[in-house]
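J.: So the protein lines, in turn, are chains A and B.
First residue of the first sequence: 1, per our numbering; consecutive thereafter.
First residue of the second sequence: 1001, per our numbering; consecutive thereafter.
Don't be surprised by glycine CBs; every beta carbon is placed ideally from N, CA and C.
Keep in mind it's a predicted model, so treat the numbers as computed, not measured.
Would you mind keeping the following structure in view while I ask a few things?
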Amino acid sequence: MKRYAYFPGCSAETVSASYHLSTVETGAKLGIEFQEIEDWNCCGATPYTNVDELLANTLCARNLAIAERTGLDVVAPCNACFKNLHHANEQLRADADLAEHLNYALEADDLHYGGTTQVHHLIHVFVRDIGFEAIRKKVTHPLKGLKVAAYYGCQLVRPDRGDGFDPAGPTYFEDLLRAIGAEAVPFPYRLRCCGASLMIGQRRAALAMVRDLLRGAAQAKADVVATACPLCQLNLEAYQQDVNREFGTSYELPVLYFTQLMGLAMGIGPKKLGIGTELVSAKPVLDCVARKPAAVAAAAAPTAKVG
Amino acid sequence: MYSTLSFADEISNEMYATGTRGLNCCIQCATCSAACPAVDFMDHTPRRLIGMINAGMREEVLNSNTYWVCASCYACSERCPKEIKPSELMYVLKRYSIWKNRYRSDMVGPEFSRRFVRTIMRNGKSYEPGYAPAFIFEGGVQGMLREMQFGMKLLAKGRIPLVPSRIKRLDNFRRMLSRIVPLEGIE
Chain A
1 MKRYAYFPGC SAETVSASYH LSTVETGAKL GIEFQEIEDW NCCGATPYTN VDELLANTLC
61 ARNLAIAERT GLDVVAPCNA CFKNLHHANE QLRADADLAE HLNYALEADD LHYGGTTQVH
121 HLIHVFVRDI GFEAIRKKVT HPLKGLKVAA YYGCQLVRPD RGDGFDPAGP TYFEDLLRAI
181 GAEAVPFPYR LRCCGASLMI GQRRAALAMV RDLLRGAAQA KADVVATACP LCQLNLEAYQ
241 QDVNREFGTS YELPVLYFTQ LMGLAMGIGP KKLGIGTELV SAKPVLDCVA RKPAAVAAAA
301 APTAKVG
Chain B
1001 MYSTLSFADE ISNEMYATGT RGLNCCIQCA TCSAACPAVD FMDHTPRRLI GMINAGMREE
1061 VLNSNTYWVC ASCYACSERC PKEIKPSELM YVLKRYSIWK NRYRSDMVGP EFSRRFVRTI
1121 MRNGKSYEPG YAPAFIFEGG VQGMLREMQF GMKLLAKGRI PLVPSRIKRL DNFRRMLSRI
1181 VPLEGIE
């Protein structure tokens, strides 16, 4: 049993509850316990850094300090939460004056941060700490024939954190999809930004960025886009109709979290994975999974005879 | 006699304070502009903006929409051959323009950012419907109605809660933040 201090992030309680559910469910299958950080607060997203960098770091420091008491590594499922917590952690470790300043603030909540916590993104935990082999072993319903565009997004890979994950040409997302039996289609825009919070304030720019991503995935003949970030999911999926209206396109491409696809491949029921709360129906994906048991049995039968 | 700091010095100093390089080593190669996925919507490309800062064009820089169109994806920072981090520069310009209260009046970013900061100060967590009024600056009443319709769709799927979530130790949390900045200044 592997345990982590889990930072769900604000969206886990709202727009991305399905990511949260599927994370906990797939984690349990793989022997991971996500222990929610007690009384965690918002990571600050981008607006805090827009207004005051010190305040932004203070928000993250509180979460790191609470997590440090458990002695567990922090895991964040959201690209932006991960980036903020990781960035603040690096700054606090490198700058003793900053740490002293923030610890003075943390005293108000009876906290102190000693700089010993590590911060990881959820997908990195699955591919590095659990590994493809262990994941493959738990697959009962391989997603055979399902074409998936692996969408990393930006803050998962950038800035380079020197942690062994290649910021320019990563392949672990595609490898993970292959481990659950899916086909990872070539998706040139996999590291490009979804527009993030530009959807508020720079709507046309954000919609155009989403359009480019949808076009790339459609050209790659993807049945579904897999994401590792609530904001990527929201922009690509919930704003898909707005893109169609703005540019006269007719995309109807499901966008699911990689944990939902993993869960389906491991035989977890769609409801338990939060599937059904999408604005673009995930039915094509479910149909593919529904076909599976029979197909797998048929494929396995001759082999059994030969053996 | 003290000489006053130039605009280019001010911005580069802010860059140093965030632990990145200043702008004086920019070679104007435009790798940042080529890497930017939002460049088509900027009135000045990141390369040109850096050139304008170095040339002391303060007014033109602050009147630019470029830094509010940056989505902070770090594509430029990853590729800059001189290891300048243009994505940090955009953050620096956002903060600078908010401090000086000098940004283009049609920019939603400053108001949205302030609203977001206030929401977290009050709840400890984010609550999306609280930002809706920021839309009125962009799309007028029509834009706000469009966002409300969008919100209703998410609400129907159970993806937006009716009441904001709050952290438990909110009083401590607020005292913590007030040790960094006076809350009256922001709320």
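1. Note the first and the last residue of the continuous alpha helix (DSSP H) segment covering glutamate 36/A.
2. How is leucine 256/A classed by DSSP in three states: helix, strand or coil?
3. At which residues does the alpha helix (DSSP H) containing alanine 1008/B begin and terminate?
4. Shorter than 7 Å, the distance from the beta carbon of valine 185/A to the closest heavy atom of the ligand PLP, or not?
5. Measuring straight from C-alpha to C-alpha, what distance separates glutamate 90/A and aspartate 160/A?
6. Is the beta carbon of tyrosine 151/A less than 8 Å from the beta carbon of threonine 227/A?
7. Going along chain A in order, which residues have a C-beta closer than 8 Å to the C-beta of cysteine 1073/B?
8. Mind reading off the beta-carbon distance from leucine 256/A to valine 285/A? Whole number of angstroms is fine, and I expect it under 8 Å.
9. Output the distance between the C-alpha atoms of proline 1182/B and serine 1113/B, rounded to the nearest integer angstrom.
10. Tell me, please, whether the CB atom of valine 51/A is closer than 8 Å to any CB atom in chain B?
11. Identify the contact partners of isoleucine 1264/B in chain A, using a Cβ-Cβ distance below 8 Å as the criterion.
12. Find the nearest neighbour of valine 243/A within the set Leu273/A, Gly269/A, Met209/A, judged by alpha-carbon distance.
13. Please decide whether cysteine 42/A counts as near chain B, where near means a Cβ-Cβ distance under 8 Å.
14. Where in the region 135-204 of chain A do unbroken runs of the beta strand (DSSP E), each at least 3 residues long, occur, reported from the N-terminal end onward?
15. Roughly how far, in whole angstroms, is the beta-carbon of threonine 1066/B from the beta-carbon of leucine 1049/B, given that I think they are within contact range, below 8 Å?
16. Less than 8 Å between CB atoms is the rule here; does tyrosine 104/A satisfy it with respect to chain B?
17. Under 8 Å by Cβ, that's how I've got glycine 153/A and cysteine 232/A pegged, so tell me the actual separation to the nearest angstrom.
18. Rounded to whole angstroms, what is the Cα-Cα separation between aspartate 129/A and tyrosine 4/A?
19. If we count the other Cβ atoms within 10 Å of its Cβ and call it buried at 16 or more, is alanine 304/A buried or exposed?
20. Can you pull the DSSP bridge partners for histidine 1044/B?
21. Spell out whether any CB of chain A is found under 8 Å from the CB atom of asparagine 1172/B.
22. Identify each residue in the region 1026-1059 of chain B for which the Cβ-Cβ distance to at least one residue of chain A is less than 8 Å, and report them in chain order.
23. For lysine 1168/B, name the three-state secondary structure that DSSP assigns.
24. Would you decide whether glycine 201/A is buried or exposed? Buried here means 16 or more other CB atoms lie within 10 Å of its CB.
25. Comparing C-alpha positions only, which one of Met266/A, Tyr251/A, Ile37/A, Ala265/A sits nearest to valine 280/A?
26. In this structure, does DSSP put histidine 112/A in helix, strand or coil?
27. Give me the chain A residues within the contact set of leucine 1154/B, using Cβ-Cβ distance strictly less than 7 Å, ordered along the chain.
28. Within its chain, find whatever has a CB closer than 6 Å to the CB of lysine 83/A; leave out the 5 residues flanking it on each side and keep chain order.
29. Can you pull the chain B residues whose beta carbon is under 7 Å from the beta carbon of alanine 205/A, in chain order?
T.: On the basis of the coordinates in this document:
1. Per DSSP, glutamate 36/A belongs to no alpha helix (DSSP H); it is in the beta strand (DSSP E), 32-36.
2. strand
3. Counting along the chain, the alpha helix (DSSP H) containing alanine 1008/B begins and ends at 1007-1017.
4. For the ligand PLP, the structure offers nothing, since it holds no ligand at all.
5. 12 Å
6. For the pair tyrosine 151/A and threonine 227/A, the CB atoms are nearer than the 8 Å cut-off.
7. Cys154, Gln155, Arg158, Arg192, Cys193, Ala196
8. 6 Å
9. Distance between the alpha carbons of proline 1182/B and serine 1113/B: 17 Å.
10. yes
11. Because residue 1264/B is not part of the residues shown, which for chain B are 1001 to 1187, the question remains open.
12. Met209/A
13. Contact of cysteine 42/A with chain B is assigned, a C-beta pair being separated by under 8 Å.
14. Segments of the beta strand (DSSP E) lying fully in the region 135-204 of chain A: 147-151.
15. Their Cβ separation, rounded to whole angstroms, is 5 Å, which keeps threonine 1066/B and leucine 1049/B in contact under 8 Å.
16. yes
17. 5 Å
18. 11 Å
19. Its pLDDT being 41, under 50, alanine 304/A is placed unreliably in this model, and the coordinates cannot settle the point.
20. BP columns for histidine 1044/B are empty, so no partner.
21. yes
22. Pro1037, Ala1038, Asp1040, Phe1041
23. coil
24. Under this definition glycine 201/A is a buried residue.
25. Among Met266/A, Tyr251/A, Ile37/A, Ala265/A, the Cα nearest to that of valine 280/A is on Tyr251/A.
26. coil
27. Val15, Ala238
28. Gln155
29. Ala1038, Phe1041, Val1069
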